[in-house]
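Residue numbers (this note's numbering): 1 to 149.
Following this line, the structure appears as structure tokens:
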């Protein structure tokens, strides 16, 4: 009887092992430590990512605001640096009046029509102003792309 009891117990144990091998309970106990680790890692990583994205979004907003204000002020200075077309028109009209009054054979000095004094500095200032405006608009464009991404 003992052989019969041993074989019956052996069969029962084999059935229990087969059931446990197909069961998810054994797998969950084996993955318990790993599951806790990855759940904690995901939680910490999500907190870190959310914090990073929040700071980056705030920084992009600040850059966008600064670039917009700088572009507005820079545009105002660019408009102020433009030559006054009224002065050129008045000088040309004066020359026409002098030609009409003096006759066609009169020699007239037209050197005062060109604004050669300070011309190169004006061109450099306008070049720098337009370059800074272009970089400011490029920074604003980058900030908008960063916020939308």
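Built from N, CA and C at the ideal position, the CB exists for glycine as well.
- Apart from the 5 residues on each side of it in sequence, residue 74 sits with its Cβ closer than 8 Å to the Cβ of 129, 132, 133, 136 in its chain, given in chain order.
- For residue 95, the enclosing alpha helix (DSSP H) covers residues 85–102.
- Contact between residue 72 and residue 139 is ruled out by a C-beta separation of about 14 Å, above the 8 Å threshold.
- Per the coordinates, the alpha-carbon of residue 14 lies some 16 Å from the alpha-carbon of residue 3.
- By the Cβ neighbour-count rule, residue 101 is exposed, with fewer than 16 other Cβ atoms within 10 Å of its own.
- Distance check between residue 122 and each of 60, 80, 56 places 80 closest, using alpha-carbon atoms only.
- Annotation: residue 16 to residue 36 spans about 28 Å, alpha carbon to alpha carbon.
- Residue 143 is classed as buried because its beta carbon has at least 16 other beta carbons within 10 Å across all chains shown.
- For the pair residue 147 and residue 46, the CB atoms are not nearer than the 8 Å cut-off.
- In terms of Cβ geometry, residue 126 and residue 78 form a close pair [threshold 8 Å].
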